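> Quick one: this structure, given as structure tokens, is what I'll be asking you about.
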């Protein structure tokens, strides 16, 4: 399965389970960064972090509109069937919503991805 808009619920649940390293039921920023960087490392010749970021963006952008709303993000997390702390999801959303507009566009999301990459160096 690839990360993208064609993920079904089972694939999404597996993805979240993989990212949730400590079994807390939540994917921390560290865990998200770890998954992105390990995927990059495994495919260092083939996959750029920016491409992984685009795939993650598409996973959250349910309607394909080029923007992620808080509703889209919470719906993605709720699809996993886990009991997510929506305050954590909202805090994550606020972190990547750089201009505070309530919408995360691809540029903002990719800025977050670049920050993750910079933290790993």
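In the numbering used here, the protein residues as written are 1 to 121.
Built from N, CA and C at the ideal position, the CB exists for glycine as well.
Owing to the predicted nature of the structure, the values given are computational and were not obtained by experimental measurement.
1. Taking the C-alpha atoms as reference points, what is the distance between residue 91 and residue 108?
2. In the DSSP assignment, find the alpha helix (DSSP H) that holds residue 88 and state where it starts and stops.
3. Grouping DSSP H, G and I as helix and E and B as strand, with all else coil, what is residue 101?
4. Run the CB neighbour count on residue 97, radius 10 Å, all protein chains shown included, and call it buried at 16 or more, exposed below.
5. Using the C-alpha atoms, what's the distance from residue 70 back to residue 93?
6. Whole angstroms is fine: what's the gap from residue 89's alpha carbon to residue 110's?
7. What's the C-alpha gap between residue 117 and residue 105?
8. I'd like the span of the alpha helix (DSSP H) that includes residue 61, first residue to last.
9. Assign residue 56 to one of two classes, buried (16 or more other C-beta atoms within 10 Å of its C-beta) or exposed (fewer than that).
10. Going by beta-carbon coordinates alone, are residue 76 and residue 59 separated by less than 8 Å?
11. Given this structure, state the Cα-to-Cα distance separating residue 85 from residue 79, to the nearest angstrom.
Checking against the coordinates, here is how it stands:
1. Counting only the Cα atoms, residue 108 lies some 15 Å from residue 91.
2. Secondary structure note for residue 88: its alpha helix (DSSP H) is the uninterrupted segment 86-96.
3. Residue state, collapsed to three classes: coil.
4. By the 10 Å Cβ count, residue 97 comes out buried.
5. When rounded, the distance between both Cα atoms is 7 Å.
6. Whole-angstrom Cα-Cα distance: 18 Å.
7. Residue 117 and residue 105: Cα-Cα distance of roughly 19 Å.
8. Residue 61 -> no alpha helix (DSSP H), and no H or E assigned at all.
9. Under this definition residue 56 is a buried residue.
10. Closer than 8 Å, so yes.
11. So the two alpha carbons sit approximately 13 Å from each other.
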